[in-house]
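>
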Amino acid sequence: MQLTEHQTLLRDNVRLTIFIFYQCNRRRILHPLSPVRCWS
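What follows is the structure, given as structure tokens:
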């Protein structure tokens, strides 16, 4: 695997993690009473 491929993969992974975390926080704000688990 080349370095550039690895960096692209890493960047996509980080973007995905941030996206999931953002969605989770928004859900937690919208539904404060329901138990929301960000990290499984």
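Counting from 821, one number per residue, gives the positions in the sequence shown under our numbering.
Note that beta-carbon positions come from the ideal geometry of N, C-alpha and C, so glycine has one too.
Only a predicted model underlies this, so the values are computations on that prediction, with no experimental measurement involved.
What are the boundary residues of the alpha helix (DSSP H) that includes R857?
Residue mapping note: residue 857 aligns to position 37 of the sequence shown, counting from 1. Premise fails: R857 is in no alpha helix (DSSP H) and is neither H nor E.
> Please report the distance separating the alpha-carbon of R846 from that of H826.
Reading the sequence shown from its first residue, position 26 is the one you call residue 846. Reading the sequence shown from its first residue, position 6 is the one you call residue 826. Distance between the alpha carbons of R846 and H826 is about 30 angstroms.
> My output table needs one value for Q827: the three-state DSSP class, helix, strand or coil.
For the purposes of this step, residue 827 is taken as residue 7 along the sequence shown, with counting starting at 1. Helix at Q827.
> Measuring only the C-alpha atoms, how far is P855 from R848?
Residue 855 sits at position 35 when you count from the first residue of the sequence shown. Residue 848 sits at position 28 when you count from the first residue of the sequence shown. Taking the straight line joining both Cα atoms gives about 8 angstroms.
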